[in-house]
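Asker: I'd like to ask you about the structure that follows.
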């Protein structure tokens, strides 16, 4: 019998903080500006300069630490991590190694080993050749990004599949977004994820040899990359070959993994305490502010929505998007004892789909104020209009901003409440569709769908689906 | 006002002449720029003209307005070549000025020029300058000490009334001692390091080299202060004022006898003992003390300082400024640039430091050296619970001959045996001239320095004691003053 393996995955996530200025100097943060316009002697590492820590960055970091349920350090210190590369002008990065600002946290079911503050590297662009330094004609450095405050979050190896990493990553992203301390935009690089991947026989508690996957810029790619790497490692072990410790790059275009460097080529970073900075000792006010200012975080919000009866999927969708959650709650508040489950489905289902269909409009530009949607859902709930008619009304509301009562009146969409009238139409549809009618009579219940559709068409969606069903079944002898 | 009087005048005396109207600030500057142009000591790496000397200088800066200053070439000066005496920075002109120099300019002091030094402040003789050593004005066949050798030589040799230097393990005090002037290393953190090219960040400290103790106090007061650009700076609370003590009654001076033993020249020891007698004459009490770990200071220092230097000097990579020797590919740009740009002593220390920080060696070297440093701090704390000051000779020898110690780095390092423990402790210390002595083996008489150390931020008391002693010693530096210019 072949051995069953499980994947063991730990993540290192870099989050660029959205402070106004850089981590150790007063240069503004920017994205997409001309190269090297946001620089100064400090972030260019001219001789004689000294770093001065950004207080706001530290406050933002503490919020992240608090949101990840970490112990916040009463004293944290900075260290130098030494390596030569043109994007690293001091040839050392100021980071926190020995005493990070936050340790021992948890988000969802993943433990956080620690989170530390550091500065981002500059951006290098290699012109000519493949875009990598080898074989390029020239290398250019843009120092605008250099010195951007970064929080690196390091998890315990608590993840076990690409899909789990994607889901947890999305939760982390939503959580940090909620804090308002980062844009968490993976394409722009304000959120970057490295994964350490190993596999081991199921039941084993020892960790296998790990490989590191660098800088993947979407959670979909991360999922695919990890799945590819786990498969590669399994194939190696099954063929009796060892996994070699190395750093890998996943190419989402080809689905291939390339080795960036082996263990032998790994840097010796020669860490030492940063002598230019004194230890950071946050005040009690800073700790209190970090903890007390936390908004309701996505995981808590999702749990609260589920407790209200909202489906898990809708609860997650709403919780990951603060704007949608806010809208959802406003609709709930505006409506007259609407069911949260129903409202959540309208918001994440019909409204979201209709906005996307009509020019991909963001929620903020929607013509549908929460009160209008609440009114529409109320009309459906009170069976004034059918669900189908509701969708027609919503389409009109999104496109013109009209209120639902007006649309219902103008289009004559009010539900047929006279059951005699509806029964007449039902009988007519049965007569005009003998084939499905016969199938239903013969016991094929699924065939009833065609008849329901016929009735809806005949009534222009104004019939109540439940009533139509009841009448059809009655007349077909079910 | 004769040139001889002006040449011999201290900074404070020159300031008094200007404010009394005896002489104008313009005349003072013209005189000193003339002296500088005749530099025979290779003391200056860059010499200002009138316009450059006055750039950014506040013409109404207060009591010291118009007294010009020499600046060690380790301080960044906007638009003015700043090399740290290294080929790797040849031609480099910073876009900003160091806080210390901004402070002296704000106080009205013109800049005479940038003084020679050991490359990146690594050395005790000035022979590690990429631009040739500066010379000792008392005997131009001898070194002025280092690393602030140029600053000491120009002040002692009549090429500047006073100067800025930096001290990491003795780089102000030792050359001041060798050249017969006053050198003060203030408490770590009292003066901003912003714009001072880093050697070993946890030890580097700016300080004055002056003709007398009063000048050291006046200049320190201009320099000290908290700087928002330097997180490690705190300043000296209440500042510093000109000292006036004439007695040492009730003050206890600790002598770490165990430290002052082997390798010390007979003449140096004799002047040291003379000075202890003077202290007693002035009412001070001499007490034997122990600094049990100070004997390990040089070893610890030569792990810690190179470790910090190895990372501080990594920025000289040919990418953004300074020398770039090759651009064949990235690795050769780094290697050839740094091989061409750095001198042998700098390379030696980068390699020492890189090794000490390497994975697997960190605890054995850097970690252990840090623990020694902590013990030394504790030694001084214990000592200062019993005495007000700790005194030693500044150096075990008088100024040695050019080339005498270049072949043996360890002997050269021992030149700082009395200054390094104080640097590791971060406390203030001053070197004042204690008289002249022949070197062992004979030769002309040369200055001997006497070092006084005090608890952190006790600069005022330190300066008072040094002033009383200086007044009693009445050292005559005129033989040096004559030696600087043609």
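Chains as they are written, first to last, in our numbering: chain E, 1 to 478; chain C, 1 to 486. In this text, a Cβ means the ideal position worked out from N, Cα and C, and glycines have one as well. All figures in this text were calculated on a predicted structure; none of them were measured in a lab.
#1: Which runs of the alpha helix (DSSP H) spanning at least 4 residues fall entirely within the stretch 245–293 of chain C, listed in chain order?
#2: I need the straight-line Cα distance from residue 414 of chain E to residue 461 of chain E, nearest angstrom please.
#3: So, is residue 421 of chain C buried or exposed, given that buried needs 16 or more other C-beta atoms within 10 angstroms?
#4: Starting from residue 370 of chain C and walking both ways along the alpha helix (DSSP H), at which residues does that stretch end?
#5: Between which two residues does the alpha helix (DSSP H) holding residue 305 of chain E run?
#6: Given a cut-off of 8 Å, decide if residue 139 of chain E and residue 16 of chain E are closer than it, judged by their beta-carbon atoms.
#7: Mind checking if residue 317 of chain C is an interface residue toward chain E, Cβ cutoff 8 Å exclusive?
#8: Just how far apart, CA to CA, sit residue 188 of chain E and residue 120 of chain E?
#9: Could you check how far apart the C-beta atoms of residue 153 of chain C and residue 179 of chain C are, in whole angstroms? I think they sit under 8 Å.
#10: Rounded to whole angstroms, what's the CA-CA distance from residue 162 of chain C to residue 151 of chain C? Just pull it up for me.
#11: Could you pull out every residue in the same chain whose Cβ sits closer than 8 Å to the Cβ of residue 339 of chain E, ignoring the five residues on either side in sequence?
#12: Grouping DSSP H, G and I as helix and E and B as strand, with all else coil, what is residue 209 of chain E?
#13: Anything in chain E within Cβ reach of residue 193 of chain C, meaning under 9 Å, just list it in chain order.
#14: Strictly by DSSP, which residues pair up with residue 152 of chain C?
#15: Could you tell me whether any Cβ in chain E is nearer than 8 Å to the Cβ of residue 131 of chain C?
#16: Residue 259 of chain C: which of C:234, C:394, C:137 sits nearest, CA to CA?
#17: Check whether the stretch 44–60 of chain E and the stretch 294–308 of chain C are in contact - that is, three or more C-beta pairs closer than 8 Å.
#18: Whole angstroms is fine: what's the gap from residue 191 of chain C's alpha carbon to residue 183 of chain C's?
#19: On the DSSP bridge assignment, give the partners of residue 94 of chain E in chain order.
#20: Buried or exposed for residue 292 of chain E, please, with buried defined as at least 16 other CB atoms from any protein chain shown within 10 angstroms of its CB.
#21: Strictly under 8 Å for the Cβ-Cβ distance: is residue 228 of chain C near chain E by that measure?
#22: If we cut at 8 Å on Cβ distances, does residue 196 of chain C have a partner in chain E?
#23: Determine the extent of the beta strand (DSSP E) in which residue 5 of chain E is found, giving its start and end residues.
#24: Would you call the stretch 440–451 of chain E and the stretch 8–17 of chain C touching, i.e. three or more CB-CB distances under 8 Å?
#25: If contact means a Cβ-Cβ distance below 7 Å, which residues of the stretch 394–411 of chain C contact chain E?
#26: From residue 65 of chain C to residue 59 of chain C, what distance separates their C-alpha atoms?
#27: Considering only their Cβ atoms, is the gap separating residue 469 of chain C from residue 278 of chain C smaller than 8 Å?
#28: Please check if any C-beta of chain E sits within less than 8 Å of the C-beta of residue 307 of chain C.
#29: Listing by chain order, which chain C residues have their CB less than 9 Å from the CB of residue 36 of chain E?
#30: Taking buried to mean at least 16 other C-beta atoms within 10 Å of its own C-beta, is residue 171 of chain E buried or exposed?
#31: Who are residue 393 of chain C's beta bridge partners in DSSP?
#32: Any chance the stretch 421–431 of chain C sits against the stretch 442–462 of chain C, with 3 or more Cβ pairs inside 8 Å?
#33: Enumerated in chain order, which unbroken segments of the beta strand (DSSP E) with a length of 3 residues or greater are wholly contained in the stretch 117–184 of chain E?
#34: At the 8 Å Cβ level, is residue 54 of chain E part of the contact set with chain C, yes or no?
#35: Closer than 7 Å by beta-carbon distance: list the chain C residues that pair up with residue 253 of chain E, in chain order.
#36: Note the first and the last residue of the continuous beta strand (DSSP E) segment covering residue 324 of chain E.
Answerer: Once the coordinates are examined:
#1: 266–281
#2: 9 Å
#3: buried
#4: 368–384
#5: 298–307
#6: no
#7: yes
#8: 13 Å
#9: 6 Å
#10: 8 Å
#11: 309, 381
#12: coil
#13: 48, 50, 276
#14: Residue 152 of chain C pairs with nothing; no bridge assigned.
#15: no
#16: C:394
#17: no
#18: 15 Å
#19: E:80
#20: exposed
#21: yes
#22: yes
#23: 5–16
#24: no
#25: none
#26: 7 Å
#27: yes
#28: yes
#29: Near residue 36 of chain E there are no residues of chain C at all, since even the closest Cβ is about 10 Å away, more than 9 Å.
#30: buried
#31: C:450
#32: yes
#33: 123–127, 138–142, 149–155
#34: no
#35: Correct list: empty, because the minimum Cβ distance to chain C is about 27 Å.
#36: That residue, residue 324 of chain E, is in no beta strand (DSSP E); its alpha helix (DSSP H) goes 322–334.
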